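Asker:
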Amino acid sequence: MRTIYNINEYIKRLHGEGLLVSVDADCPDRAQVRNVSCNSKDVTPGTLFICKGNHFKPEYLKEAFLRGAFCYVSEKIYEEVPCPCIAVNDVRAALAEIADLYYNSPWQKLGLIGVTGTKGKTTVVHYIKSILDLHFERTGQLPCGLVSTVECFDGKTAEESVNSTPESLQLEEIFDRCCENGLKNAVCEVSSQALKYHRVRCVKFDTGVFTNIGEDHISPVEHPDFEDYFESKLKLFSMCGRAVINKESDHFERIRQAAEEYCDTTVYGHSPDCGVYVYDIRKEDGITRFGMRTPQYEGEFSLRMAGFFNVDNAAAAAAAVLRYNVPCETVRDALASAAVSGRMETYSNAERSVVAIVDYAHNAMSFETLFSHVIREYPGWRIVSVFGSVGNKAEVRRYALGDIAGKYSDFIYITSEHPDYEDPYAIAAQIAEGISKHGTEYTVIPDREQAVTTAVSDAPPHTVVMILGVGDETTQRINGVLYTRRSDSECALSALNR
34 MRTIYNINEY
44 IKRLHGEGLL
54 VSVDADCPDR
64 AQVRNVSCNS
74 KDVTPGTLFI
84 CKGNHFKPEY
94 LKEAFLRGAF
104 CYVSEKIYEE
114 VPCPCIAVND
124 VRAALAEIAD
134 LYYNSPWQKL
144 GLIGVTGTKG
154 KTTVVHYIKS
164 ILDLHFERTG
174 QLPCGLVSTV
184 ECFDGKTAEE
194 SVNSTPESLQ
204 LEEIFDRCCE
214 NGLKNAVCEV
224 SSQALKYHRV
234 RCVKFDTGVF
244 TNIGEDHISP
254 VEHPDFEDYF
264 ESKLKLFSMC
274 GRAVINKESD
284 HFERIRQAAE
294 EYCDTTVYGH
304 SPDCGVYVYD
314 IRKEDGITRF
324 GMRTPQYEGE
334 FSLRMAGFFN
344 VDNAAAAAAA
354 VLRYNVPCET
364 VRDALASAAV
374 SGRMETYSNA
384 ERSVVAIVDY
394 AHNAMSFETL
404 FSHVIREYPG
414 WRIVSVFGSV
424 GNKAEVRRYA
434 LGDIAGKYSD
444 FIYITSEHPD
454 YEDPYAIAAQ
464 IAEGISKHGT
474 EYTVIPDREQ
484 AVTTAVSDAP
494 PHTVVMILGV
504 GDETTQRING
514 VLYTRRSDSE
524 CALSALNR
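The opening position of the sequence shown corresponds to residue 34 in the working numbering, with each subsequent residue numbered one higher.
The following block contains the structure:
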């Protein structure tokens, strides 16, 4: 049973964190906060309403007031709405503090592992969950909670995700449900946006994993430059007790110094001096095999997921779970069977003459890695790619995606990812600038289902169709509304079967 606090306790918390600007005199300081919400549709009597978002409108606050909000928190005072205001200087930070108080810091009851990096986050968290779930199953414990780009799992329910890391209010709610369902551990993707904009402000992780760093998420509404992006990522270490870092990453020394400032640090990589050392990486009978040595064991391991780059992800996961003393055979069994929805999902037609690969790759670093792998895996095959780029952010990514795809592809279908408030054709034009550098042929089909279906259906023999950007997502955000659609995998399989 959660403790229910009155509004004065929230005001004290905001004041203590240096976030409070002013409180309206008519704010009922003894009123109990029965609900906290940022969505006017979810407001019930006794709600403390938070005014946030780039597209927030006074109409949302009016609706919240009519539905029963007795007070609101905002960086701006809305005089036209007869509802008491708690003014703050940073509403995102305030939301994190309010959410943490409302849910009584549920993360304190969980053994938490947080994973950040430019690429590999999702695969690493799923590898960690696979290892811990098998370990807990064999030792009579409940499974591991999950917060990832693919899905969130609270011990009873798995739900498709919208963001890599939810807003602080949703994140604390997920942790709270994990605790209610008896879970003792959880693993969480931690995006640069979550670190910069306070989504994990109040959370402390037992272990923080930093997979790698490359240029991404540079835009006016995300990170103005690479330095801001990198600094945001490095903040994870200040929230951790242990750190796990990749010796193969660019800027490794800077990452190492930042990690060691706050944490006991384990390094994984391809050098014998690494705490977790991977070696003798090879492919046998379609399976990736490698040796791995940790402080607790050494042995042979295998992965069903394609791509030598996933060996690094497996090493990161093995390093992250060292404190759990998972036996070598459990790690081996878990990695051998681990799969991640929307990551290197490979399908073919009956003749195996056309292959479709569905993957979440959506930035320059992951594009370069994935295309390089496919070229080696399918020498001499025609490469067709299908992708777009997200709207209203990461604008610098668009040219780079076009550039890399243009370098490796024989034909490109530019489609929509989550265009949101932007014109899909305007996004496509920016991608096309990068493609034109290589003279690669392309077409624009904004309807994603149609683009995937056409690319696969029209593929001649000995073609690999790379369907990139959203993995197995079944939604698409257009003009602020999340619409349901068929997943890329479903579209590709349907076309291959025909």
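We put the beta carbon where it would ideally sit given N, CA and C, even for glycine. Small disclaimer: the values here were computed from a predicted structure and weren't measured.
Just confirm the distance between the C-beta atoms of Ala427 and Asp249, as a whole number of angstroms; I'd bet it's less than 8 Å.
Answerer: The pair is a contact, with the Cβ atoms about 7 Å apart (cut-off 8 Å).
Asker: For Ser422, collect the residues of the same chain with a Cβ closer than 7 Å to its Cβ; drop the 5 residues on either side in sequence, then sort them by chain order.
Answerer: If we look at Ser422 and ignore the five residues flanking it on each side, its Cβ neighbours are Arg430, Arg431, Leu434, Glu450, Ile460, Ile464.
Asker: Taking DSSP as the reference, what is the three-state secondary structure of Leu128?
Answerer: Residue state, collapsed to three classes: helix.
Asker: Taking the alpha helix (DSSP H) that Asn346 falls in, what are its first and last residues?
Answerer: Per DSSP, Asn346 belongs to the alpha helix (DSSP H) from 342 to 353.
Asker: Any contact between the segment 313 to 324 and the segment 270 to 289? By contact I mean 3 or more CB pairs, one from each, below 8 Å.
Answerer: At 8 Å Cβ cutoff, the stretches do not touch.
Asker: So Tyr160 is in the alpha helix (DSSP H); what residue range does that whole segment cover?
Answerer: Run containing Tyr160: 154 to 171, per the alpha helix (DSSP H) assignment.
Asker: Short of 7 Å in beta carbon distance, which residues of its chain neighbour Ala227, apart from the five on each side in sequence? Order them along the chain.
Answerer: If we look at Ala227 and ignore the five residues flanking it on each side, its Cβ neighbours are Thr198, Val233.
Asker: Sorted by chain position, which residues of the same chain lie with C-beta nearer than 6 Å to Val477's C-beta, five sequence neighbours on each side aside?
Answerer: If we look at Val477 and ignore the five residues flanking it on each side, its Cβ neighbours are Ile447, Ala461.
Asker: Starting from the Cα of Ala339, find the closest Cα among Ala369, Ala351, Ala350 and give me that residue.
Answerer: The candidate whose alpha carbon is nearest that of Ala339 is Ala369.
Asker: Three Cβ pairs or more, each shorter than 8 Å: is that satisfied between the segment 107 to 120 and the segment 132 to 143?
Answerer: Flag = no, the segment 107 to 120 and the segment 132 to 143 do not touch.
Asker: Less than 7 Å between C-beta atoms, sequence neighbours within five positions excluded: which residues of the same chain meet that for Glu222?
Answerer: Cβ within range, chain order: Val148, Lys154, Thr155, Val158, Val180, Ser181, Thr182, Ser197, Thr198.
Asker: Whose CA, out of Asp133, Gly150, Gly215, Cys307, lies closest to the CA of Pro328?
Answerer: Checking every option, the nearest Cα to that of Pro328 belongs to Cys307.
Asker: Please report the residue range of the alpha helix (DSSP H) in which Glu298 lies.
Answerer: A quick correction: the sequence has Thr, not Glu, at residue 298. It is not in any alpha helix (DSSP H) - Thr298 instead sits in the beta strand (DSSP E) that spans 297 to 302.
Asker: Use the C-beta contact count for Asp187: other C-beta atoms within 10 angstroms, 16 or more gives buried, fewer gives exposed.
Answerer: Buried is the call here.
Asker: Taking Ile445 as the reference, which of Gly467, Glu455, Tyr454, Tyr38 has the closest Cα?
Answerer: When each option's Cα is compared against that of Ile445, the closest is Gly467.
Asker: Among all the DSSP beta bridges, which residues are the ones paired with Met325?
Answerer: Val311, Gly332, per the DSSP bridge assignment.
Asker: Contact defined as beta carbons within less than 8 Å: I believe Val387 pairs with Pro479. What is the distance between those atoms, to the nearest angstrom?
Answerer: Not confirmed; about 24 Å, so no contact.
Asker: According to DSSP, what are the bridge partners of Gln509?
Answerer: Answer is Tyr516, bridged to Gln509.
Asker: On the premise that Tyr160 lies in contact with Asn358, defined as a C-beta separation below 8 Å, what is that separation, rounded to the nearest angstrom?
Answerer: Between Tyr160 and Asn358 the Cβ distance is about 17 Å, and since that is not below 8 Å, they are no contact.
Asker: With a floor of 4 residues, list each alpha helix (DSSP H) that falls wholly inside the segment 441 to 521, ordered by position along the chain.
Answerer: Complete alpha helix (DSSP H) runs here, min 4: 457 to 469, 481 to 490.
Asker: Taking 8 Å as the cut-off, decide whether the C-beta atoms of Val8 and Ala97 are in contact.
Answerer: This structure gives no information on residue 8, because the portion of the chain shown stretches from 34 to 531.
Asker: Ordered along the chain, which non-local residues of its own chain (more than five positions away) have a Cβ less than 8 Å from that of Arg531?
Answerer: Only Ser490 meet the Cβ criterion.
Asker: When you compare each of Ser469, Tyr301, Leu94 to Ala102 by their alpha carbons, which one comes out closest?
Answerer: Among Ser469, Tyr301, Leu94, the Cα nearest to that of Ala102 is on Leu94.
Asker: Verify the contact flag: Asp392, CB atom, against every heavy atom of the ligand MG, threshold strictly below 7 Å.
Answerer: This structure simply doesn't include the ligand MG, nor any ligand for that matter.
Asker: Count the other C-beta atoms from every protein chain shown that fall within 10 angstroms of the C-beta of Asp209, then say buried if there are 16 or more, exposed otherwise.
Answerer: Flag for Asp209 reads buried.
Asker: Whose CA, out of Asp261, Leu175, Val242, Glu130, lies closest to the CA of Ser201?
Answerer: When each option's Cα is compared against that of Ser201, the closest is Glu130.
Asker: Can we say the segment 513 to 525 touches the segment 394 to 412, given the rule of at least three CB pairs closer than 8 Å?
Answerer: No: fewer than three Cβ pairs fall under 8 Å.
Asker: Within its chain, find whatever has a CB closer than 7 Å to the CB of Ala528; leave out the 5 residues flanking it on each side and keep chain order.
Answerer: Cβ neighbours of Ala528 beyond the five flanking positions: Thr486, Val489, Ser490.
Asker: Where do the ends of the alpha helix (DSSP H) carrying Cys212 lie?
Answerer: Residues 201 to 213.
Asker: For Phe243 versus Gly375, is the C-beta distance shorter than 8 Å?
Answerer: No, Cβ-Cβ distance for Phe243 and Gly375 is not below 8 Å.
Asker: Given this structure, state the Cα-to-Cα distance separating Lys229 from Ser265, to the nearest angstrom.
Answerer: Whole-angstrom Cα-Cα distance: 5 Å.
Asker: Mind checking whether Cys71 and Ile119 have CB atoms under 8 Å apart?
Answerer: No, they are not a contact pair.
Asker: Buried or exposed: which applies to Ile40, given that a residue is buried once 16 or more other Cβ atoms fall within 10 Å of its Cβ?
Answerer: It counts as buried.
Asker: So who's on the other strand from Val148, going by DSSP bridges?
Answerer: DSSP lists Glu222, Val242 as partners of Val148.
Asker: How would you write the range of the beta strand (DSSP E) that Leu534 sits in, first residue to last?
Answerer: Since the first residue shown for the chain is 34 and the last is 531, residue 534 is missing from the structure and cannot be characterised.
Asker: According to the Cβ coordinates, are Cys211 and Gly173 closer than 8 Å?
Answerer: Against a cut-off of 8 Å, the Cβ pair of Gly173 and Cys211 comes out as no contact.
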